[in-house]
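K.L.:
Protein chains in written order, with my numbering: chain A, 1 to 768; chain B, 769 to 885.
1. Flag this pair as yes or no: are the beta carbons of residue 779 of chain B and residue 694 of chain A separated by less than 7 Å?
2. Which value, in whole angstroms, describes the spacing of the CA atoms of residue 768 of chain A and residue 664 of chain A?
3. Please determine if the stretch 258-267 of chain A and the stretch 472-485 of chain A are in contact, where contact requires at least 3 C-beta pairs separated by less than 8 Å.
4. Who are the near neighbours of residue 389 of chain A in its chain, counting only those whose CB is closer than 8 Å to its CB and skipping five residues on each side?
5. Consider the Cβ of residue 562 of chain A: report whether some Cβ of chain E lies at a distance smaller than 7 Å.
6. Determine which residues of the stretch 712-733 of chain A have a Cβ less than 7 Å from any Cβ of chain B, and write them out in chain order.
7. Take every Cβ of the stretch 1-15 of chain A, pair it with every Cβ of the stretch 425-443 of chain A, and state whether three or more of those distances are shorter than 8 Å.
8. I'd like the ranges of any alpha helix (DSSP H) spanning at least 4 consecutive residues and lying wholly in the stretch 109-190 of chain A.
9. Near residue 107 of chain A, which residues of its chain fall below 8 Å by C-beta distance, leaving aside the five closest residues on each side in sequence?
10. Applying the 10 Å Cβ sphere with the 16-neighbour rule, what's the burial state of residue 776 of chain A?
11. Closer than 8 Å is the cut-off here; do at least three beta carbon pairs connect the stretch 647-657 of chain A with the stretch 839-854 of chain B?
12. Within 7 Å (strictly less), CB to CB, does residue 778 of chain B reach chain A?
13. Do you know how far the Cα of residue 686 of chain A is from the Cα of residue 598 of chain A?
14. Answer with yes or no whether the minimum CB distance from residue 534 of chain A to chain B is below 7 Å.
15. Beta-carbon of residue 866 of chain B versus every beta-carbon of chain A: anything under 7 Å?
16. Compute the Euclidean distance between the alpha carbons of residue 782 of chain B and residue 769 of chain B, then round it to the nearest angstrom.
17. From what residue to what residue does the beta strand (DSSP E) around residue 71 of chain A run?
18. Please check if any C-beta of chain B sits within less than 7 Å of the C-beta of residue 649 of chain A.
19. Counting only Cβ pairs nearer than 8 Å, list the residues of chain B close to residue 627 of chain A.
20. Residue 406 of chain A and residue 396 of chain A - do their beta-carbons sit closer together than 7 Å?
21. Distance cutoff 7 Å, beta carbons only. Does residue 705 of chain A sit that close to anything in chain B?
22. Quick one: Cα of residue 287 of chain A to Cα of residue 430 of chain A, how far?
23. Nearest chain B C-beta to residue 685 of chain A closer than 7 Å, yes or no?
24. Is the beta carbon of residue 393 of chain A closer than 7 Å to that of residue 498 of chain A?
25. On a CA-only basis, which of A/696, A/734, A/727 is nearest residue 776 of chain B? Give me that one, please.
26. Since residue 695 of chain A meets chain B, which of its residues come closer than 7 Å, beta carbon to beta carbon?
27. I'd like to check one pair, residue 220 of chain A with residue 327 of chain A: are the Cβ atoms closer than 7 Å?
28. Can a CB atom of chain A be found closer than 7 Å to the CB of residue 811 of chain B?
29. In chain order, what residues of the same chain lie with their CB nearer than 6 Å to the CB of residue 373 of chain A, ignoring the 5 residues before and after it?
30. Taking the alpha carbon of residue 459 of chain A as the point to measure from, which residue in A/513, A/749, A/514, A/383 has its own alpha carbon closest?
31. Can you give the Cα-Cα distance for residue 318 of chain A and residue 399 of chain A, rounded to whole angstroms?
32. Please name the residue or residues paired with residue 55 of chain A in a DSSP beta bridge.
33. Going along chain B, which residues have a C-beta under 9 Å from residue 743 of chain A?
34. If we call anything under 7 Å between Cβ atoms a contact, is residue 207 of chain A one with residue 179 of chain A?
35. What residues from chain A crowd round residue 817 of chain B, counting only those whose CB sits closer than 7 Å?
36. Bridge partners of residue 219 of chain A, per DSSP?
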């Protein structure tokens with residue numbers, strides 16, 4: 001099982017190496033992977049149909065409770081089959097669609113990576129690994145949307161998609177961690193038993209919010225829906241695979257998966273019904289106004305996702321059953337329509353629906369697939385879509401007080417969806433063939449067979465629902481409901497309100513299709529609302545965020561050393577001053593001071609004068625000389641106070657520094673007065689304050705008793721252990737010999753640096 | 769005497785900081801050196817100053833017996849002086865080199881990356 005989940009990553013990892021070989025016709029060989037996986041997962045059907053679930057555990061980080069726990073039940077199985085099944089077709093389709101593309105190998109790599117992440121997502125029982133796979137799908141989606149990386153729009157869309165889904169992902173992580181915190185378990189199976197506890201916990205609302213944010217961003221629910229139409233910049237196989245059939249359904253999967261854990265609560269149901277309802281209506285109406293085939297499909301996908309969220313929100317047995325069926329229905333017809341759109345785009349070079357018609361005459365098999373899909377989308381019997389739609393109406397009609405409102409919303413949505421489906425699936429293929437398209441020919445079978453298979457399944461499942469009834473749909477519903485439901489899918493339910501509603505839907509949709517002709521004018525009307533759309537608002541927010549961030553960065557990271565120093569010193573001064581004046585009482589213990597002799601006082605006076613000179617002189621030479629004098633004065637102080645070694649070192653080092661300075665002085669620039677009086681005063685004040693604080697601090701420390709244990713140790717053992725009489729030297733070369741060696745290394749490095757800087761020959765370009 | 773040293777240390781710190789806040793690279797290095805000297809003196813003073821008793825064991829005895837200057841701060845300062853020399857030497861040469869290339873020692877003009885050169 002682990003292998004089957006990770007195989008895509010393995011394949012993706014191999015592709016950079018073997019990619020060159022398979023770039024040609026061999027690329028179709030890569031489709032073997034999803035096909036094998038599909039067959040592997042098909043083999044689970046009999047078991048799952050009997051109500052079994054499979055559990056696989058592989059330890060990863062057991063200390064943190066993070067393991068690869070794979071749990072396969074009906075819901076997971078449906079998704080794995082969708083992922084690998086549609087994945088196989090998409091892999092095959094791509095080999096022809098992107099034939100000869102420079103980065104074909106890369107594309108397959110991303111695709112394989114995505115497939116694996118998605119499999120991991122729907123199979124994970126551990127919610128932390130679920131989150132990791134969740135983010136992996138976002139990342140691979142980012143690469144796939146931005147696949148045409150030389151197009152700016154494409155880059156922008158991929159960034160937007162990553163931003164939105166990644167943003168939601170973080171919410172999800174927080175939600176998962178809270179869930180783990182509340183229940184003490186990261187396993188979904190174990191969470192299911194603790195519904196009571198979770199529902200009554202004060203964090204429940206927060207958890208709900210966080211999980212919803214994750215699901216809504218991923219599944220493009222209002223108001224986060226806008227990344228999905230943008231994601232259509234991706235090559236069509238990607239749109240088919242990620243943005244209609246699988247990835248966007250991850251949010252739905254999450255909601256379905258957590259229904260037994262979090263669901264059946266007032267907040268859960270109401271939020272989902274409202275958000276799902278708004279999304280399905282809003283997007284369905286939007287879809288009507290689009291001209292771009294992919295735009296139509298994108299909005300109708302959002303709408304369909306809204307329907308799913310809505311159904312999960314209803315939460316009744318009927319609704320969840322309808323959701324289970326609709327996931328499959330939608331995946332089948334929408335993937336078909338996308339694949340067909342890809343073919344149209346590939347062959348004619350346009351996706352503008354107002355220009356396309358009559359293509360049936362040149363590519364009949366494609367047309368058949370498209371029309372079958374449109375029929376399934378429309379819910380015209382005997383398609384699988386009809387079945388799905390009936391179940392939806394069944395669910396809304398039995399929802400207590402709000403039944404009428406909900407049903408009307410569902411009917412309106414479906415009318416618009418039907419219209420959109422016809423626009424995308426039927427309009428391009430019927431009518432008169434424009435002259436410019438007469439020379440078109442049928443694409444390679446690799447391209448039109450996959451949509452035909454999908455569209456065909458849409459009809460077969462409709463006519464013979466028993467094929468999938470108990471093996472597939474029942475376990476799904478069982479997994480969502482956490483009980484074993486009793487139902488049978490059937491095409492014919494007898495004369496009922498539901499049938500009437502279906503008829504109204506079909507009639508309304510057809511009416512709309514004949515009245516409304518897609519045109520630029522309609523599109524323009526819809527775009528007028530752009531400034532108040534969620535997309536514009538969120539983009540505006542990000543711009544404000546960006547400029548604020550820039551402002552803050554400019555203040556804090558301005559690139560001027562002195563401002564950094566000022567900031568650090570101001571902070572330090574305030575802190576020091578607070579502590580010195582607040583917590584400590586200052587006094588000078590005159591009794592302990594050593595006496596002042598005249599020559600020492602003179603040395604210190606010279607030093608003070610030199611310091612003033614160093615700071616205020618206009619000549620560099622004077623500054624360096626004064627600095628030398630300071631050094632020598634310090635040398636004298638060391639000498640007075642029993643530190644001959646220090647005096648010697650200071651003397652030689654100071655001499656060397658001054659010599660070095662003077663040596664390079666002649667080709668240094670003039671000592672310019674670069675800053676104005678204001679900043680000089682400011683710097684002076686800061687410097688004096690800081691210097692004063694250091695003085696006070698020193699005074700205070702002098703009052704504290706001194707711990708001499710270490711010194712005493714050295715004093716006693718310098719000769720007995722190390723046979724040296726100069727204690728300072730013994731410390732340096734013996735007791736702390738290793739430190740001294742490191743110091744020597746540092747100095748050598750500095751020396752090498754100096755030497756190479758001196759010897760470095762500038763290239764002519766640098767000299768300019 | 770301690771009081772005078774305390775004042776000098778404060779002065780060295782203040783001067784060092786002031787120089788570090790200037791725009792000229794040369795002044796920056798001088799400021800760094802002054803600051804280093806101040807820190808050395810600070811450590812020296814905090815080890816308490818003792819006159820005329822260097823931490824050297826006389827020929828006759830095996831241990832330092834009576835009052836003596838603390839050897840530990842001295843060892844620390846010695847290391848510090850040497851290391852800061854390494855830094856100074858490198859910095860001085862770097863200034864020279866940088867000046868040769870960019871023809872300025874104004875830090876603000878060194879702000880940009882190569883494209884402005």
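Note that the Cβ used here is the ideal one computed from N, Cα and C, for glycine as well. Quick caveat, the model's predicted, so the values are computed rather than measured.
P.N.:
To lay it out plainly:
1. Residue numbering aside, residue 779 of chain B sits at position 11 when the second chain is read from its first letter. Residue numbering aside, residue 694 of chain A sits at position 694 when the first chain is read from its first letter. Going by C-beta atoms, residue 779 of chain B is not nearer than 7 Å to residue 694 of chain A.
2. Start at 1 with the first residue of the first chain, and residue 768 of chain A comes out as number 768. Start at 1 with the first residue of the first chain, and residue 664 of chain A comes out as number 664. Note that residue 768 of chain A scores 45 on pLDDT, short of 50, meaning its location in the model is unreliable; the coordinates nonetheless yield the value given after this. The alpha-carbon atoms of residue 768 of chain A and residue 664 of chain A are separated by roughly 21 Å.
3. yes
4. Taking the first chain and counting its residues from 1, one reaches residue 389 of chain A at position 389. Counting only Cβ-Cβ distances below 8 Å, and skipping sequence neighbours, we find 379, 414, 502, 505.
5. Note that chain E does not occur in the displayed structure, where the protein chains are A and B.
6. 714, 715, 716, 718, 719, 720, 725, 726, 727, 728, 731, 732
7. no
8. 127-145, 152-183
9. Position 107 of the first chain, counted from the first residue, corresponds to residue 107 of chain A. Within the same chain, residue 107 of chain A has close Cβ partners 94, 98, 101, 144, 147, 235.
10. Nothing can be reported for residue 776 of chain A, as the shown portion of chain A is limited to 1 through 768.
11. yes
12. Translated into the one-based positions of the second chain, residue 778 of chain B becomes position 10. Yes - at least one Cβ of chain A is within 7 Å of the one on residue 778 of chain B.
13. Within the first chain, numbered from 1, the residue matching residue 598 of chain A stands at position 598. Within the first chain, numbered from 1, the residue matching residue 686 of chain A stands at position 686. Rounded to whole angstroms, residue 598 of chain A to residue 686 of chain A spans 32 Å at the Cα level.
14. Residue mapping note: residue 534 of chain A aligns to position 534 of the first chain, counting from 1. Residue 534 of chain A does not count as touching chain B.
15. Numbered from 1 along the second chain, position 98 holds the residue referred to as residue 866 of chain B. For residue 866 of chain B, the answer is no, since every Cβ of chain A falls outside 7 Å of its Cβ.
16. The residue labelled residue 782 of chain B in the question sits at position 14 within the second chain. The residue labelled residue 769 of chain B in the question sits at position 1 within the second chain. Residue 782 of chain B and residue 769 of chain B: Cα-Cα distance of roughly 20 Å.
17. For this step, residue 71 of chain A is matched to residue 71 along the first chain. It spans 66-72 - the beta strand (DSSP E) in which residue 71 of chain A sits, taken as one unbroken run.
18. The count along the first chain starts at 1 and reaches residue 649 of chain A at position 649. Output row for residue 649 of chain A: interface = yes.
19. The count along the first chain starts at 1 and reaches residue 627 of chain A at position 627. Near residue 627 of chain A (Cβ distances below 8 Å), the residues of chain B are 798, 801, 802.
20. Residue numbering aside, residue 396 of chain A sits at position 396 when the first chain is read from its first letter. Residue numbering aside, residue 406 of chain A sits at position 406 when the first chain is read from its first letter. Closer than 7 Å, so yes.
21. Numbered from 1 along the first chain, position 705 holds the residue referred to as residue 705 of chain A. Chain B, which has no Cβ nearer than 7 Å to the Cβ of residue 705 of chain A, makes this no.
22. Sequence index remark: in the first chain, residue 287 of chain A carries index 287 (1-based). Sequence index remark: in the first chain, residue 430 of chain A carries index 430 (1-based). Those two C-alpha atoms are separated by around 20 Å.
23. Taking the first chain and counting its residues from 1, the one referred to as residue 685 of chain A is at position 685. For residue 685 of chain A, the answer is no, since every Cβ of chain B falls outside 7 Å of its Cβ.
24. As a working note, residue 498 of chain A is residue 498 in the first chain. As a working note, residue 393 of chain A is residue 393 in the first chain. A contact, by the Cβ cut-off of 7 Å.
25. Position 8 of the second chain, counting from 1, holds the residue named residue 776 of chain B. The candidate whose alpha carbon is nearest that of residue 776 of chain B is A/696.
26. For the purposes of this step, residue 695 of chain A is identified with residue 695 of the first chain, where counting begins at 1. Ordered by position in chain B, the residues that pass the 7 Å Cβ test against residue 695 of chain A are 774, 775, 777, 778.
27. Within the first chain, the letter at position 327 stands for residue 327 of chain A. Within the first chain, the letter at position 220 stands for residue 220 of chain A. Cβ distance not < 7 Å, so residue 327 of chain A and residue 220 of chain A don't count as in contact.
28. Translated into the one-based positions of the second chain, residue 811 of chain B becomes position 43. Chain A, which has no Cβ nearer than 7 Å to the Cβ of residue 811 of chain B, makes this no.
29. Counting from 1 along the first chain, the entry for residue 373 of chain A is found at position 373. Around residue 373 of chain A: 333, 336, 337, 425, 455.
30. For the purposes of this step, residue 459 of chain A is taken as the residue at position 459 of the first chain. Out of A/513, A/749, A/514, A/383, A/383 has the C-alpha closest to the C-alpha of residue 459 of chain A.
31. Your numbering for residue 318 of chain A matches position 318 in the first chain. Your numbering for residue 399 of chain A matches position 399 in the first chain. For residue 318 of chain A and residue 399 of chain A, the distance between alpha carbons rounds to 10 Å.
32. Sequence index remark: in the first chain, residue 55 of chain A carries index 55 (1-based). For residue 55 of chain A, which the question treats as bridged, DSSP gives the partners A/71.
33. Within the first chain, residue 743 of chain A is the residue found at index 743, counting from 1. Those are 847, 850, 851, 854, listed as they occur along chain B.
34. On the first chain, residue 207 of chain A is found 207 positions in, with the first residue counted as 1. On the first chain, residue 179 of chain A is found 179 positions in, with the first residue counted as 1. Yes.
35. Translated into the one-based positions of the second chain, residue 817 of chain B becomes position 49. Result: 594, 641.
36. Position 219 of the first chain, counting from 1, holds the residue named residue 219 of chain A. None, per the DSSP bridge assignment.
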